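Report on one structure; see the data block that follows.
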Amino acid sequence: MLRDLKKKVFYPYPPQRVWQVLTNRHTLAAWLMENDFEPRVGHKFRFLYSSIPGLAESIDCEVIELDEPKRLSFTWQDSMMYRPSIVIWTLKPVDGGTQLQLEHKGLSQEPDETRLSEAMRYSAIGAFLHEPMRLSQPWQGRFMHESTALTAHSSVLSPIPVGRYEALNSVILSSFLDGGWDFRLSERMPQVLVSFASNN
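Numbering (the numbering used here), first residue to last: 4 to 203.
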């Protein structure tokens, strides 16, 4: 289980300006990641995360709450996450500017039992046929397989897990929780706010 994150940052700009930097896809790309965001409840969008040039991973999101210029929430799920987490932005006017609060919540990484059973069944059949373990694309890289055994009952194969399947943490999510959000909110966003203010 990864920890939830809560962070507050002050910006010397009115809430409407901070809101624009949060919800405009071009300014969002400048301080966070490339995206196809639209400020509309129900809109599904993606962030493109690239830590190595030429290699990019997508983060699937959906806008679930929008209250301009006070609150924005969206889901966040990369390919290593079993369930989406939720990112919540809350803007509060204070003397001299805006207090922006970020919450990244619901970071349980427990596997879905139905999908886990399916993955175990496929890997057991693969072991029986002396083939390498093959999982559907969403499951590749999510488990470390140690061993399985099979029993046959009336020509029906039933997998019996002898080893274990271990859920792997999301590298992208871990990077954001371990300083990634801090860097973007403390370093990048202020630069974009300055640039945005001078251009408007």
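Each residue gets a CB set at the ideal place from its N, CA and C atoms; glycine is no exception.
Remember, predicted model here, so these are calculated numbers, not experimental data.
Mind checking who residue i pairs with in its DSSP beta bridge?
i	result
Tyr52	Glu60
Arg74	Asp70 and Thr93
Tyr14	Thr101
Ser88	Trp79
Leu8	His107
Asn38	Phe50
Glu190	None; Glu190 has no bridge partner.
Which residues in the same chain as residue i place their Cβ atom closer than 6 Å to its Cβ, once the five residues preceding and following it in sequence are excluded?
i	result
Ser53	Ala59
Gln104	Lys11 and Thr93
His109	Correcting the residue type first, residue 109 is Gly in the shown sequence and not His. Ser88 and Ile89.
Distance check for residue j and residue i, CA to CA, integer angstroms please.
i	j	result
Gly166	Met83	Interpretation of Gly166 is limited by its pLDDT of 40, a score under 50 that renders its predicted location unreliable; no figure is taken from the coordinates.
Ile67	His107	14 Å
Val12	Glu190	11 Å
Leu8	Asp39	24 Å
Arg187	Arg43	23 Å
Glu65	Thr26	13 Å
Trp22	Ser178	24 Å
Gly183	Arg86	21 Å
His46	Phe77	9 Å
Met36	Ser88	17 Å
Asp70	Pro56	36 Å
Arg74	Gln19	11 Å
Ser201	Ala32	18 Å
Pro193	Pro72	18 Å
Asp98	Arg28	28 Å
Trp34	Glu41	16 Å
Gln140	Phe199	Residue placement at Gln140 is flagged as unreliable, the pLDDT there being 43, under the threshold of 50; a coordinate-derived value is accordingly withheld.
Tyr14	Val24	12 Å
Leu51	Asp185	19 Å
Could you check how far apart the C-beta atoms of residue i and residue j are, in whole angstroms? I think they sit under 8 Å.
i	j	result
Val197	Thr30	Not a contact, Cβ separation roughly 12 Å.
Just to confirm my understanding: we take residue i, look at its own chain, exclude 5 residues before and 5 after, and list those with CB closer than 8 Å. What are they?
i	result
Pro17	Pro96, Gly100 and Thr101
Ile175	Tyr52, Glu60, Ile62, Asp81 and Met83
Would residue i and residue j qualify as a contact pair, given that the criterion is a beta-carbon distance under 8 Å?
i	j	result
Arg49	Leu180	no
Leu62	Gln80	For clarity, residue 62 is Ile in the given sequence; the question names Leu instead. Yes. Within cutoff.
So, for residue i: in the same chain, excluding its five sequence neighbours on each side, which residues have a beta-carbon less than 7 Å away from its beta-carbon?
i	result
Ser240	Lying outside 4 to 203, the shown extent of the chain, residue 240 is not represented and no answer is given.
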